[in-house]
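Going by the working numbering, the sequence shown opens with residue 1, and the numbers climb by one from there.
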Amino acid sequence: MTEWALASLTGSRTGESVRVTARVGSVVVDVTEVGGVSTWWLEADASRAVQTQGGMTVADPDGVLTPYLPGDPLAPGGRIQIAVVMGDGSQVPRATMVITESIPMDSWRQRQGVWQRTGSTVSLSLSDLAVLLQRDRFQTPWSRAGASALTEVQRMCAGIVNTITDTTSSAGVPADFVAERERLDAIDDLLHHAGLDRRLDGAGVLHILDPTRSRIPVWEVSGGDGQALVEVSRSMSLVDVVNAVVATSSATGGANHTELVGRAYLEDGVERWDGPLGNCTEFYASPLITTQEQAQKAARTRLDNLTTNATTSVNLTTLPHPGIELHDTVRVQFPSASRPLTLTGTVTRWRLEADEKGMKPMTMTLTLPRREMLRMKWRW
Numbered sequence: 001m002t003e004w005a006l007a008s009l010t011g012s013r014t015g016e017s018v019r020v021t022a023r024v025g026s027v028v029v030d031v032t033e034v035g036g037v038s039t040w041w042l043e044a045d046a047s048r049a050v051q052t053q054g055g056m057t058v059a060d061p062d063g064v065l066t067p068y069l070p071g072d073p074l075a076p077g078g079r080i081q082i083a084v085v086m087g088d089g090s091q092v093p094r095a096t097m098v099i100t101e102s103i104p105m106d107s108w109r110q111r112q113g114v115w116q117r118t119g120s121t122v123s124l125s126l127s128d129l130a131v132l133l134q135r136d137r138f139q140t141p142w143s144r145a146g147a148s149a150l151t152e153v154q155r156m157c158a159g160i161v162n163t164i165t166d167t168t169s170s171a172g173v174p175a176d177f178v179a180e181r182e183r184l185d186a187i188d189d190l191l192h193h194a195g196l197d198r199r200l201d202g203a204g205v206l207h208i209l210d211p212t213r214s215r216i217p218v219w220e221v222s223g224g225d226g227q228a229l230v231e232v233s234r235s236m237s238l239v240d241v242v243n244a245v246v247a248t249s250s251a252t253g254g255a256n257h258t259e260l261v262g263r264a265y266l267e268d269g270v271e272r273w274d275g276p277l278g279n280c281t282e283f284y285a286s287p288l289i290t291t292q293e294q295a296q297k298a299a300r301t302r303l304d305n306l307t308t309n310a311t312t313s314v315n316l317t318t319l320p321h322p323g324i325e326l327h328d329t330v331r332v333q334f335p336s337a338s339r340p341l342t343l344t345g346t347v348t349r350w351r352l353e354a355d356e357k358g359m360k361p362m363t364m365t366l367t368l369p370r371r372e373m374l375r376m377k378w379r380w
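Encoded structure:
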């Protein structure tokens, strides 16, 4: 984003619009110019396999955009590129999506025995490019070829989605690793094994991220006059209380296949196993578990990630920031009776939406380490 666009995030936000382009192969159509976009929304959630999903209603008064057959620009399988045009004319690529469902609706009126078209709309359901990885399943088992998990992920994405790595991870892959059918599941298994995250940027490029790397906050948001923060709330759920993990191998085997099971229990604190909050077991399976030692280590590592690195969620409503991505770092200034308290969190969910009047307030969920909640608890 340009400096002017960044500075305008807390301003009057005049002159903003959206540009939507549809593409199938070499055919490119400027949807905004030909018809127009009545409404659109995008929602990203880091916990989903296909992280970003959305919808759009395209105005088609002349019927030229209405799809009839596969290969039409607004038919399922076509690509939709969404860019937010800022007040200075600069464009922020927001998302590159795949049309998963297209519902055209025509309006007609009969006058003096003659039918006349009075307008059309096309409602689109959208998913990010990870849906291509999800649909492109392995026809035969996929065997290890590279020495690292990162190499294997890049190989699985080749020809489907472009990748950029933001890590130097050298985590290996077991020599007998085999993935069957589900390409996207195999990619996520390898990333989880290597301790890495992923996200798709506005141009449709898959970024492989190291969550342990320190990141500069992309936005500092606060409330008050001339600021961007509209509302803030926190959420807690019993679902987040897990005090045992059972890890098994999801790899298939022959007649001599032995099931590998590892177990780990939380032994201390109020959330401990057999403690006052009750018991809850999470089951974890991975084809990368090939020995009993690996099963036990996977169970302990998973439980440590759920407890030692436990987080809490903070929900924000802000003026829209079209450049925010999953796993970005955002700093939030909370009001306090003495002095403002600033906490830093990671974006795990965001939602943008707009209609013909413009963009609506943005919602965003940040995860913060629970230790940060102690600072908030005693801020008064």
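A virtual CB, placed ideally from N, CA and C, is assigned to each residue, including glycine.
None of these values were measured; they are calculated from a predicted model.
Verify whether the separation of the beta carbon atoms of residue 284 and residue 247 is less than 7 Å. Between residue 284 and residue 247, the C-beta spacing is below 7 Å.
Measure the Cβ-Cβ separation of residue 158 and residue 194 and say whether it is below 7 Å. Contact check for residue 158 against residue 194 fails: the beta carbons are separated by 7 Å or more.
Taking the alpha carbon of residue 177 as the reference point, which residue from 239, 114, 371 and 249 has its own alpha carbon closest? Per the Cα distances, 249.
Span of the beta strand (DSSP E) holding residue 45? 37-45 is the span of the beta strand (DSSP E), which, as asked, contains residue 45.
Do you know offhand how far residue 99's Cα is from residue 16's? When only Cα atoms are considered, residue 99 and residue 16 end up about 25 Å apart.
Exposure of residue 243, with buried meaning 16 or more beta-carbon neighbours within 10 Å: Burial check for residue 243: the Cβ neighbour count within 10 Å reaches 16 or more, so the residue is buried.
Between 302, 343 and 53, which has its C-alpha nearest residue 370's C-alpha? When each option's Cα is compared against that of residue 370, the closest is 343.
N-terminal and C-terminal residue of the beta strand (DSSP E) that residue 24 is part of: Residue 24 -> beta strand (DSSP E) spans 17-24.
Can you list, in chain order, the residues of its chain whose CB lies under 6 Å from that of residue 54, leaving out five sequence neighbours each side? Setting aside the 5 residues that flank it on each side, residue 54 is surrounded in the same chain by 41, 42 and 126, each with a C-beta closer than 6 Å to its C-beta; the list follows chain order.
For a test of the three-state rule: what should DSSP assign to residue 107, helix, strand or coil? Residue state, collapsed to three classes: strand.
In angstroms, rounded to a whole number, what distance separates the CA positions of residue 363 and residue 1? Computed Cα separation, rounded: 20 Å.
From the DSSP output, in three-state form, read off residue 230 for me. Reduced to three states, the DSSP call for residue 230 is strand.
Determine contact between the segment 263-283 and the segment 215-235, defined as no fewer than three beta-carbon pairs at a distance below 8 Å. Contact fails: fewer than three Cβ-Cβ distances are below 8 Å.
Measuring alpha carbon to alpha carbon, tell me which of 361, 353 and 372 ends up nearest residue 18. When only C-alpha atoms are compared, the closest one is 353.
Please specify which runs of the alpha helix (DSSP H), each continuous and at least 4 residues long, are wholly inside the segment 256-282, giving them in chain order. List check, alpha helix (DSSP H) in window: nothing returned.
Are the segment 285-294 and the segment 48-64 in contact at 8 Å, needing three or more beta carbon pairs? Cβ pair count under 8 Å is below three, so no.
Are the C-beta of residue 258 and some C-beta of chain C separated by less than 7 Å? The question asks about chain C, but that chain is absent: this structure has only one protein chain.
Which residues in the same chain as residue 324 place their Cβ atom closer than 8 Å to its Cβ, once the five residues preceding and following it in sequence are excluded? Result list for residue 324: 218, 219, 330, 347, 350, 362 and 364, in chain order.
If you follow the beta strand (DSSP E) that residue 353 is part of, which residue opens it and which one closes it? That run of the beta strand (DSSP E) goes 341-355.
Bridge partners for residue 334 per DSSP, in chain order? Answer by DSSP bridge pairing, in chain order: 341.
When the Cα atoms are used, what is the spatial distance from residue 92 to residue 296? Going from the Cα of residue 92 to the Cα of residue 296 covers about 46 Å.
Which residues in the same chain as residue 358 place their Cβ atom closer than 7 Å to its Cβ, once the five residues preceding and following it in sequence are excluded? Only 16 meet the Cβ criterion.
Residue 150 versus residue 206: straight-line alpha-carbon distance, rounded: Looking at the two C-alpha atoms, the distance is approximately 13 Å.
Could you name each continuous alpha helix (DSSP H) segment of 4 residues or more that falls completely within the segment 106-171, going from the start of the chain to the end? Listed in chain order, the complete alpha helix (DSSP H) runs (minimum 4 residues) inside the segment 106-171 are 130-135 and 149-157.
Check whether residue 20 and residue 31 have beta carbons under 7 Å apart: Their beta carbons are under 7 Å apart, which means residue 20 touches residue 31 by this criterion.
Rounded straight-line distance, which links the Cα of residue 27 to that of residue 144: Near 37 Å, if we compare the C-alpha coordinates of residue 27 and residue 144.
Inspect the beta-carbon positions of residue 52 and residue 95 and report whether they are closer than 7 Å. Yes. Within cutoff.
DSSP state of residue 60, grouped into three classes? In the three-state reduction of the DSSP assignment, residue 60 falls in the coil class.
Buried versus exposed, by CB contacts within 10 Å (16 or more), residue 208: Note on residue 208: 16 or more other CB atoms within 10 angstroms of its CB, so buried under the neighbour-count rule.
With a threshold of 16 other CB atoms inside 10 Å of the CB of residue 368, please say whether the residue is buried or exposed. Result: buried.
Are the CB atoms of residue 312 and residue 373 within a distance shorter than 7 Å? The criterion of a C-beta distance shorter than 7 Å is satisfied by residue 373 and residue 312.
So, residue 49 versus residue 184, is the Cβ gap smaller than 7 Å? Cβ atoms of residue 49 and residue 184: closer than 7 Å.
Counted within 10 angstroms of its Cβ, other Cβ atoms place residue 395 as buried (16 or more) or exposed: There is simply no residue 395 to check, as the chain begins at 1 and stops at 380 in what is shown.
Backbone CA spacing between residue 119 and residue 86 [nearest angstrom]: Cα to Cα, the separation comes out at about 29 Å.
In terms of residues, what are the limits of the beta strand (DSSP E) holding residue 207? Counting along the chain, the beta strand (DSSP E) containing residue 207 begins and ends at 206-209.
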